[in-house]
Amino acid sequence: MDNMKNKYIIFCASAALLLGAAATSCTEGNDWDVDSSFNRLFTPTSLSVTRGDTYAVVEYGKIEGADYYQIEVSRDSLYLDDVSSSSLLFETTETPFRVTGLAGETDYFLRMRSCSNSGTPSSKWYYYIDGSERHFTTRAEQIMRPVTDADRDDSWIRFSWTPGAEVTHFIINGGAYANQRLDITSDEKAAGEKTVTGLAPTTTYSVVLYNGDARRGNATGTTTAAIPAASLKYTMPEGETLISQTLINELAAAAQEAAGSNSCSITIAMLPGVTYSLHGTSEEGSDTSVKFPDGLSVTFFGLAGAAKPVLAPSKSVNLVDSHAYIRFQNVEIVDAGCQYLINQSAACTVAELSFDDCYFHDFERSIVRTQGSNDQKYELIKFDNCVGYNLSTANGYSQIYIGQANSIVDELIITRCTFNTAQRSFIEASKSPIAKGVKISYCTFYNIIASGRYFCDCNGMDTDISISYCIFGKTFDPEASRGARSNTTIDASVKNFRTADCVFGSNNIVDLEPSELTSYQIFNDPDNGDFTWKMKFYDENIGDPRWISTDD
């Protein structure tokens, strides 16, 4: 008897291998070796399971003479012949058939049999088996919704899920929380949302949602920045939508008085979803560039809300004189006639020019350009957590263009950003070296670099270029786009990914060789600005983090 059983097991294993990718099962005591005098139905000829989160799709081979089929699913092993009272039992005539009512991340045993309406005995049970495993495990459930701008402030985040779903608590991490349980009230359960308060600004918090021991989803959110400290904080009044030279001068005077010095600072806080013009006015009534008094540092700060405030300069901002910093934070910046956000020709000294959590779009020429012959000094130009799209629409100037020999930039840092659809070069700095180098990390690029232009052009300059944890999608010109050039080191050896449709016609970036996957294979909908991953195509998270699912 033991020899017969061993032969049967060998037969089952061989059959499972022959069926390839389908998770097909064998069962002990199949009907083919049963005497026909028993007059019972044969078992289904095959059985496979495709697992979901709270469901599984069962596909099987039908049997002639069967009127319907029973499918039994249980957390128990189902060795007894009778249907267990704790099982889920389904009757169907369809294949494939969707089994519902399961829990996420849970092991289930499954078996099925052929049945008749005419009194013919049912077949023996046919058990699901996949290799050496007799069970399947449902996938992690995800009923939580992404955290949007409307769901967060500098001290709270609202986490939400399907209203009315059976849930009991969160496990939260981040800031002062370390695997802490937060119970969900009946009202919160019904509403499908819970607001966690008392959080720290600019801090990332992750939660896992549970119903008892069963995980039902997860989400991650980052609190917004608090209004930055300054000698003077000013919130734009409701209905006031022009940031004028007059307003800047008045705020500067008040900040100087508060600080007791010309070296002072202001934060201009803008209301969410409101569009603000930014320009001065000439004696003739035409728009002019806004200038900041010498010694004044300025932060243009967007208050948290459902949409970022929009800053729409009709003339470029003039950085003339000396400033510890000029910062743009949590704002959407659009070309309202300025062509360049910064188009600097006057002498200036700026310790920090930075953009944090900003959107740039529809600029005809550059975000930052230096020109002329006057001395300009920038210790740091930085982009962090930004998105730029539809830039350099006239193919006139690079998005970041250090365009004259007397423009001294010590360091250029770009991190956690996405740049989508831009002509000309991305960075052009071939008139003066960047002493501490160009450092680009955790960024996603798509549809940039026009014909004959470069990703980073530091031609003839002793400028080190460092690129790490970045994704390079398709280039704007698929034949004549170029990579990077510099007199010194171009280092892309640390964990970057280049798609097959990112083509550098020349000046290839060493260690950035193309893969076999195209942008359309790895991104969800790149032509419409959706760069979420279709699949886990790399061994760790790279590119702009905003596009990476919390499940990856």
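Under our numbering, the first residue of the sequence shown is numbered -3, with each subsequent residue one higher. We treat Cβ as the ideally placed atom computed from N, Cα and C, and that holds for glycine.
The region 294 to 325 contains, as complete beta strand (DSSP E) runs of 3+ residues, the segments 306 to 309, 317 to 325 (chain order). Across the set S118, D103, S182, the C-alpha of D103 shows the shortest separation from the C-alpha of R130.
A buried status is given to R494, since no fewer than 16 other beta-carbon atoms sit within 10 Å of its beta-carbon. DSSP places T158 in no beta strand (DSSP E); its state is neither H nor E. T528 has its alpha-carbon roughly 33 angstroms from the corresponding atom of I430. With 16 or more other CB atoms across the displayed protein chains lying within 10 angstroms of its CB, D353 is buried. Collapsing the DSSP output to three states places P510 in a strand. For the pair S464 and K427, the CB atoms are not nearer than the 8 angstroms cut-off. Look at R412 here: in three-state DSSP terms it is coil, with no helix or strand label. Remark: C-beta atoms of L349 and L307 do not approach each other more closely than 8 angstroms. Boundaries of the beta strand (DSSP E) around T345: 344 to 352. Distances from the alpha-carbon of E68 to those of T116, Q252, Y122 put Y122 closest. If you draw a 10 Å sphere on the C-beta of K311, you find 16 or more other C-beta atoms in it, and that means buried. In the structure shown, the three-state DSSP call for I59 is coil. Per the coordinates, the alpha-carbon of Q400 lies some 16 angstroms from the alpha-carbon of I363. By the neighbour-count criterion, in which 16 or more other beta carbons inside 10 Å mark a residue as buried, A146 falls on the exposed side. In the same chain as S515, and ignoring 5 residues on each side of it, the C-beta atoms closer than 6 angstroms to its own belong to G469, K470, T495, D497, P522, in chain order. In the DSSP secondary-structure assignment, F105 is bridged to S70, H131.
Linking F356 to I329 through their CA atoms gives a straight-line distance of about 5 angstroms. A Cβ-Cβ separation of about 15 angstroms leaves G433 out of contact with F451 under the 8 angstroms criterion. Residue state for T242 is assigned as helix, using DSSP reduced to three classes.
Sequence-distant partners of D458 (beyond 5 residues in either direction) whose C-beta falls short of 7 angstroms from its own C-beta, in its chain, are P429, N483, T484.
For S182, the enclosing alpha helix (DSSP H) begins and ends at 182 to 187.
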